[in-house]
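S.K.:
Numbering (our numbering), first residue to last: 50 to 563.
#1: Is residue 193 helix, strand or coil by DSSP?
#2: Contact check, residue 189 vs residue 495 under 8 Å by CB: the rounded distance?
#3: From residue 145 to residue 465, what distance separates their C-alpha atoms?
#4: Three or more beta-carbon pairs under 8 Å between the segment 517 to 531 and the segment 92 to 101, yes or no?
#5: Ends of the beta strand (DSSP E) at residue 82?
#6: Just to confirm, is the Cβ distance from residue 211 to residue 160 under 8 Å?
#7: Suppose you measure from the CA of residue 163 to the CA of residue 147; what does that come to, to the nearest Å?
#8: From residue 355 to residue 207, what does the alpha carbon distance come to, in whole angstroms?
#9: I believe residue 460 touches residue 171 by the beta-carbon criterion, under 8 Å. Please report the beta-carbon distance rounded to the nearest angstrom.
#10: Measuring only the C-alpha atoms, how far is residue 542 from residue 115?
#11: Which partner residues does residue 208 have in the DSSP bridge list?
#12: Ends of the alpha helix (DSSP H) at residue 142?
#13: With burial defined as no fewer than 16 other Cβ atoms inside 10 Å of the residue's Cβ, what is the status of residue 557: buried or exposed?
#14: What's the C-alpha gap between residue 152 and residue 497?
#15: When the distance is taken between beta carbons, is residue 510 closer than 8 Å to residue 111?
#16: Following the continuous alpha helix (DSSP H) through residue 174, name the residue where it begins and the one where it ends.
#17: Assuming residue 500 is part of the alpha helix (DSSP H), what are its boundary residues?
#18: Select from 358, 128, 205 and 501 the residue whose C-alpha is nearest the C-alpha of residue 487.
#19: Rank 532, 106 and 514 by C-alpha distance to the C-alpha of residue 200 and give the top, closest one.
#20: Alpha carbon to alpha carbon, how far is residue 469 from residue 149?
#21: On the criterion of 16 or more Cβ atoms from any shown chain inside 10 Å, does residue 184 qualify as buried, or is it exposed?
#22: May I have the straight-line CA-CA distance separating residue 88 from residue 79, to the nearest angstrom?
#23: Near residue 358, what residues of its chain come up, given a Cβ to Cβ distance below 7 Å and the 5 sequence neighbours on each side ignored?
#24: How far does the alpha helix (DSSP H) with residue 541 in it reach, from first residue to last?
#25: Let me confirm a value: residue 620 is counted as buried when at least 16 other C-beta atoms fall within 10 Å, else exposed. Which label applies?
#26: So residue 135 packs on residue 506, CB below 8 Å; how close in whole Å?
#27: Exposed or buried, residue 71, counting other C-beta atoms within 10 Å across all chains shown (16 or more means buried)?
#28: Which residues does DSSP pair with residue 569 in a beta bridge?
#29: Inspect the beta-carbon positions of residue 532 and residue 81 and report whether they are closer than 8 Å.
#30: Using a Cβ-Cβ cutoff of less than 7 Å, which residues in the same chain neighbour residue 209 once the five nearest sequence positions on both sides are dropped?
#31: By Cβ distance below 7 Å, which residues in the same chain neighbour residue 63 in space, the five residues on each side in sequence not counted?
#32: Consult DSSP for residue 221 and reduce its assignment to one of helix, strand or coil.
#33: Suppose the cutoff is 7 Å on Cβ atoms and the five residues either side in sequence are ignored; what does the same chain contact list for residue 203 look like?
#34: If you follow the alpha helix (DSSP H) that residue 355 is part of, which residue opens it and which one closes it?
In structure tokens, the structure reads:
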């Protein structure tokens, strides 16, 4: 190598190597001071992008966990309130059961006072309980909880209206249409049965080919209806058909213009009523009976089998029915299951007769949301439509069609001043307890789901955080070793550079001749 003064190649080489140690040393010191492996995109462009997405997910998971805990708080608030409502209802049930037994009037008055106070407390709790400033027990209420990091990753939690006036013993009939009976087996029983209800007109009727003649002036009174009954029953031996009256709440066979104040229905052997698979037997074969007597007879027969059917019947009198005066029957299921009412197939008259009381016909009809009361729900009404078993149907229309009949006994209406009221209170409270228990079970399931969700979110957040840490965080052991190495190399480079800078002085030795 030539010996020069203008260019010191040894010094340039030492400087270059010294600069090579400066950048790694600076990076190591930056990572150690910040704790991050990636301090800018130039450190790891792909890693920086991945870490940004992971940070968004971690943040979203943390918020989702907080949201889920809010859902837990809502469910716990609702369940705690319902626990207190259950306690109050249990006490009302206890008082009602006590009042249903023999007690003096003074005792029942005292019990009724406590019942009134408990009902007032139930209403206060329902109307004053709030979550996040909103009432939620006196209405159908629902919240949607975001439990994920993406759109629509939600869990819904809801409660039904549990106000004291929202459940209890209730009977409602509405929108009955096309009440029909199976024609199979009718030929020997009913050939034609036609009643015209226009004022002052007589109705021609024939049963199994026997002409009954002009039997009534079918327009105003129950006596007119009884004339049909009498004439039909004159031929019972030949036709095996018995007629009985349902009073003036229903028009059993009025299919033409107008309507009547009274009604007659035709029954084959006047019975064959089945409830929940249990035969009730011949129930209301009353020729000259009033609507009240017929209803009472049927109720008596039904209640005689209530132990087997789980169904309890009560008579709805004119003061209970929101249509023309008359009588109907409410069926209340004490077991909480759906009620199935059937009339023997082929007995068109029986079907039409019972249709006036139950709104059913040949075949089996099950109705009632949650099954507490036939053709009703504890929270509203049920629309029921019955149809013919085949296209050869014997149609029977009733004045009850498209007319609402309601007799409601909510928790707010309860008294225990009489044995009858106490029994109704027992039924209403049982329905209320069933409703609350159903809601509590649902809330319990929601709580379990939220707790499971929180555990899963926590697990995912932990693993995503670990993945991001491996991408973003500095390894102090590695970075300390790198810094120590670079500092030693820097010191060595500085020492070598100092020696390289002195090499041109050798030229002076040549020039001085030494």
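We put the beta carbon where it would ideally sit given N, CA and C, even for glycine.
M.R.: Concretely, from the data shown:
#1: Along the chain shown, one-based indexing puts residue 193 at 144. In the structure shown, residue 193 sits in a strand (DSSP, three-state: E or B).
#2: On the chain shown, residue 189 is found 140 positions in, with the first residue counted as 1. On the chain shown, residue 495 is found 446 positions in, with the first residue counted as 1. Rounded, the Cβ-Cβ distance is 15 Å, inconsistent with contact.
#3: Within the chain shown, numbered from 1, the residue matching residue 145 stands at position 96. Within the chain shown, numbered from 1, the residue matching residue 465 stands at position 416. Answer to the nearest angstrom: the Cα atoms are 6 Å apart.
#4: yes
#5: Numbered from its first residue, the chain shown carries residue 82 at position 33. Residue 82 -> not in any beta strand (DSSP E); alpha helix (DSSP H) instead, spanning 58 to 83.
#6: Counting from one through the chain shown, the residue named residue 211 turns up at place 162. Counting from one through the chain shown, the residue named residue 160 turns up at place 111. The answer is no: Cβ separation not under 8 Å.
#7: The count along the chain shown starts at 1 and reaches residue 163 at position 114. The count along the chain shown starts at 1 and reaches residue 147 at position 98. For residue 163 and residue 147, the distance between alpha carbons rounds to 13 Å.
#8: On the chain shown, position 306 is the one that residue 355 refers to. On the chain shown, position 158 is the one that residue 207 refers to. Each residue's alpha carbon lies about 35 Å from the other.
#9: Reading the chain shown from its first residue, position 411 is the one you call residue 460. Reading the chain shown from its first residue, position 122 is the one you call residue 171. So it is a contact: roughly 7 Å between Cβ atoms.
#10: As a first step, residue 542 must be located in the chain shown, where it is residue number 493. As a first step, residue 115 must be located in the chain shown, where it is residue number 66. Distance between the alpha carbons of residue 542 and residue 115 is about 56 Å.
#11: By 1-based counting over the chain shown, the position of residue 208 is 159. Paired residue(s): 190.
#12: Residue 142 sits at position 93 when you count from the first residue of the chain shown. Where residue 142 is concerned, the enclosing alpha helix (DSSP H) stretches over 94 to 149.
#13: Along the chain shown, read from residue 1 onward, the residue named residue 557 stands at position 508. A residue is called buried once 16 or more other Cβ atoms fall within 10 Å of its Cβ, and residue 557, having fewer, is exposed.
#14: Counting from one through the chain shown, the residue named residue 152 turns up at place 103. Counting from one through the chain shown, the residue named residue 497 turns up at place 448. Approximately 46 Å between the Cα atoms of the pair.
#15: By one-based count along the chain shown, residue 111 stands at place 62. By one-based count along the chain shown, residue 510 stands at place 461. Against a cut-off of 8 Å, the Cβ pair of residue 510 and residue 111 comes out as a contact.
#16: As a first step, residue 174 must be located in the chain shown, where it is residue number 125. Its alpha helix (DSSP H) spans residues 154 to 177.
#17: Locating residue 500 in the chain shown gives position 451, where the first residue counts as 1. Start and end: 468 to 521.
#18: Within the chain shown, the letter at position 438 stands for residue 487. Considering only alpha carbons, the answer is 128.
#19: As a working note, residue 200 is residue 151 in the chain shown. Ranking the options by Cα distance to residue 200, first place goes to 106.
#20: Position 420 of the chain shown, counting from 1, holds the residue named residue 469. Position 100 of the chain shown, counting from 1, holds the residue named residue 149. Going by the C-alpha atoms only, they are around 7 Å apart.
#21: As a working note, residue 184 is residue 135 in the chain shown. Around the beta carbon of residue 184, fewer than 16 other beta carbons lie within 10 angstroms, which makes this residue exposed.
#22: Taking the first residue of the chain shown as 1, we reach residue 88 at position 39. Taking the first residue of the chain shown as 1, we reach residue 79 at position 30. For residue 88 and residue 79, the distance between alpha carbons rounds to 8 Å.
#23: Counting from 1 along the chain shown, the entry for residue 358 is found at position 309. 324, 325 and 327, listed in sequence order.
#24: For the purposes of this step, residue 541 is taken as the residue at position 492 of the chain shown. Taken as a continuous stretch (DSSP letters only), the alpha helix (DSSP H) holding residue 541 covers 525 to 550.
#25: Examination of residue 620 is not possible in this model, given that the chain is present from 50 through 563 alone.
#26: Here residue 135 refers to the residue found at position 86 of the chain shown. Here residue 506 refers to the residue found at position 457 of the chain shown. With 8 Å as the limit, residue 135 and residue 506 do not qualify as a contact, their Cβ atoms being about 32 Å apart.
#27: Looking up residue 71 in the chain shown gives position 22. With fewer than 16 Cβ atoms within 10 Å of its Cβ, residue 71 is classed as exposed.
#28: As displayed, the chain neither begins before 50 nor continues past 563, which places residue 569 out of reach and without an answer.
#29: As a working mapping, residue 532 is identified with position 483 in the chain shown. As a working mapping, residue 81 is identified with position 32 in the chain shown. Residue 81 is positioned such that its CB atom lies closer than 8 Å to that of residue 532.
#30: What you label residue 209 is simply residue 160 of the chain shown in a count that begins at 1. The answer, listed in chain order, is 189 and 488.
#31: On the chain shown, position 14 is the one that residue 63 refers to. Hits under 7 Å: 542, 545, 546 and 549.
#32: Here residue 221 refers to the residue found at position 172 when the chain shown is read from its first residue. Because residue 221 carries a pLDDT of 37, less than 50, the predicted location of this residue cannot be relied on, and the following value inherits that uncertainty. Three-state result, residue 221: strand.
#33: Along the chain shown, one-based indexing puts residue 203 at 154. For residue 203, where only same-chain residues beyond five positions count, the Cβ hits under 7 Å are 193, 194, 195 and 196.
#34: The residue given as residue 355 occupies position 306 in the chain shown. Counting along the chain, the alpha helix (DSSP H) containing residue 355 begins and ends at 355 to 358.
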